[in-house]
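Here the structure is laid out as structure tokens; the discussion comes afterwards.
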Amino acid sequence: MRESWGKLLGTREAGPEDTNVVQIGVDEIVSNPFQPRTVFDESGISELAATIRTHGVIQPIIVRRNNGRYELIAGERRWRAVRSLGWSTIPAIVKVMNDAQTASAALIENLQREGLTPIEEAVAYQQLLEIHGLTQESLAQRLGKGQSTIANKLRLLHLPESVREALLQRKITERHARALLALPSEEIQVKVLNECIDRGWNVKQTEERVKSLLTKLQQGPRPKPRRKGLSKDVRLAVNTIRQSLSMISKSGLTVDYKEQDDADFYEFIIRVPKK
Numbered sequence: 001m002r003e004s005w006g007k008l009l010g011t012r013e014a015g016p017e018d019t020n021v022v023q024i025g026v027d028e029i030v031s032n033p034f035q036p037r038t039v040f041d042e043s044g045i046s047e048l049a050a051t052i053r054t055h056g057v058i059q060p061i062i063v064r065r066n067n068g069r070y071e072l073i074a075g076e077r078r079w080r081a082v083r084s085l086g087w088s089t090i091p092a093i094v095k096v097m098n099d100a101q102t103a104s105a106a107l108i109e110n111l112q113r114e115g116l117t118p119i120e121e122a123v124a125y126q127q128l129l130e131i132h133g134l135t136q137e138s139l140a141q142r143l144g145k146g147q148s149t150i151a152n153k154l155r156l157l158h159l160p161e162s163v164r165e166a167l168l169q170r171k172i173t174e175r176h177a178r179a180l181l182a183l184p185s186e187e188i189q190v191k192v193l194n195e196c197i198d199r200g201w202n203v204k205q206t207e208e209r210v211k212s213l214l215t216k217l218q219q220g221p222r223p224k225p226r227r228k229g230l231s232k233d234v235r236l237a238v239n240t241i242r243q244s245l246s247m248i249s250k251s252g253l254t255v256d257y258k259e260q261d262d263a264d265f266y267e268f269i270i271r272v273p274k275k
């Protein structure tokens, strides 16, 4: 049986006091520390501000009292838009919530809207799992999503910070990032990330690069080239030179020589004194 978010968060059915709209000073409001959205589209805020200038704030924001100020629970984009207009107040509904309830409400409200980056979405899922001690399956049921969707998003949190930041800043897509997950080390993941951004690779090109690297890694390092075996004629020539030098030495003549075995040839340097 599916458990409602209201029951999970410990909230009750809304009463009249929960729907009273009041005007609150814009400067009395602070951001929600549990806000999963870290990147705000300024052009989108400007468009929203233009709409609000014409039609007003149709949907009040939701806040709670905390440490003598009002803390946002839902509606940060509306608050930012009103603030950009220079308005002094904004319509709001004041709720009574503890930290866990506030965090969950903010996370869920943002997950139900468009625009979160894959990393922001993954962080929101992780926080909900930790706050409520849920399994991925039960979280997926409450959000109406497939468990694989939750699992795939959470895997993104295992990427290096630079890859997560690139995804957060929308320099790469989620599919790019998921391709990088197949690489065995952070060093290689960052290397391919930089190649991807510098060369403007699409997802297919990135996947092909990853596949190529994995193939090379599976094959291991290339073996060192083996030295060529000596042919019978070369062995005969080398042995003849050595025997000749030995005979000269035995005859009483002092002969200095150096022998060097190179990969491609044998080298003999012979010095015979004149006196």
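Numbering (full-length UniProt numbering), first residue to last: 1 to 275.
Backbone N, C-alpha and C define an ideal beta-carbon position, used for all residues, glycine too.
Note that this is a predicted model, so its numbers are computed, not measured.
Would the stretch 164 to 176 and the stretch 110 to 121 be scored as touching if the rule is three or more Cβ pairs under 8 Å? Yes, the stretch 164 to 176 touches the stretch 110 to 121.
With which residues is L198 paired in a DSSP beta bridge? The identity of residue 198 in the sequence shown is Asp, whereas the question assumes Leu. In DSSP, D198 forms no bridge with anything.
Mind reading off the beta-carbon distance from A92 to L111? Whole number of angstroms is fine, and I expect it under 8 Å. Taking the Cβ atoms as the reference, A92 lies roughly 22 Å from L111, outside the contact range of under 8 Å.
Report yes or no: do the stretch 137 to 153 and the stretch 98 to 105 share at least 3 C-beta pairs separated by less than 8 Å? Of all C-beta pairs linking the stretch 137 to 153 to the stretch 98 to 105, fewer than three are shorter than 8 Å, placing the two stretches out of contact.
According to DSSP, is I58 part of a helix, a strand, or is it coil? Annotated three-state conformation of I58 is coil, per DSSP.
For P60, count the other beta carbons within 10 Å of its own beta carbon; 16 or more makes it buried, fewer makes it exposed. Which is it? Burial call: buried.
Could you spell out where the alpha helix (DSSP H) holding D99 opens and where it closes? D99 -> alpha helix (DSSP H) spans 99 to 111.
Do V22 and S88 have their C-beta atoms within less than 8 Å of each other? No.
Report the residue from D41, T19, I241, I62 whose alpha carbon sits nearest the alpha carbon of S31. Nearest option by C-alpha distance: I62.
One question on the structure: do P160 and E186 come within less than 8 Å of each other, judged by their Cβ atoms? Cβ atoms of P160 and E186: closer than 8 Å.
Proximity of A179 and V163 at Cβ, strictly below 8 Å: Going by beta carbons, A179 and V163 fall outside the 8 Å limit.
Do you know whose CA, among R77, L85, I29, P33, lies nearest T54's CA? Out of R77, L85, I29, P33, the CA that lies nearest to the CA of T54 is found in L85.
By Cβ distance below 6 Å, which residues in the same chain neighbour E174 in space, the five residues on each side in sequence not counted? Cβ neighbours of E174 beyond the five flanking positions: P118.
Start and end of the alpha helix (DSSP H) containing A74? Membership of A74 in any alpha helix (DSSP H) is not indicated; the residue belongs instead to the beta strand (DSSP E) covering 69 to 74.
To the nearest angstrom, report how far apart D41 and R77 are at their CA atoms. Spanning the two alpha carbons is a distance of roughly 9 Å.
Quick one: is residue 334 buried, meaning 16 or more other Cβ sit within 10 Å of its Cβ, or exposed? The chain is shown only over 1 to 275; residue 334 falls outside these bounds and no answer can be derived.
Please name the residue, chosen from S244, I269, F34, I24, that lies closest to K258 on a Cα-to-Cα basis. Nearest option by C-alpha distance: I269.
Using only alpha-carbon positions, find the residue among A237, N67, G56, T206 that is nearest to I29. From the listed residues A237, N67, G56, T206, the smallest Cα separation to I29 is found for N67.
Do A105 and A81 have their C-beta atoms within less than 8 Å of each other? Against a cut-off of 8 Å, the Cβ pair of A81 and A105 comes out as no contact.
So if DSSP puts K95 in a beta bridge, which residue, or which two residues, is it bridged to? According to DSSP, K95 shares a beta bridge with R64.
Using only alpha-carbon positions, find the residue among V94, W201, E121 that is nearest to L72. Among V94, W201, E121, the Cα nearest to that of L72 is on V94.
Among the candidates T254, D262, Y266, V272, whose CA atom is the shortest distance from the CA of A237? The residue with the shortest Cα to Cα distance from A237 is Y266.
Let me check one thing: in DSSP terms, what residues is K258 bridge-paired to? Looking at the DSSP assignment, K258 forms a beta bridge with I269.
Which class does V123 belong to by DSSP, given the choice of helix, strand or coil? The answer is helix: DSSP assigns V123 an H, G or I state.
According to DSSP, is Q35 part of a helix, a strand, or is it coil? Here DSSP, grouped into helix, strand and coil, assigns Q35 to coil.
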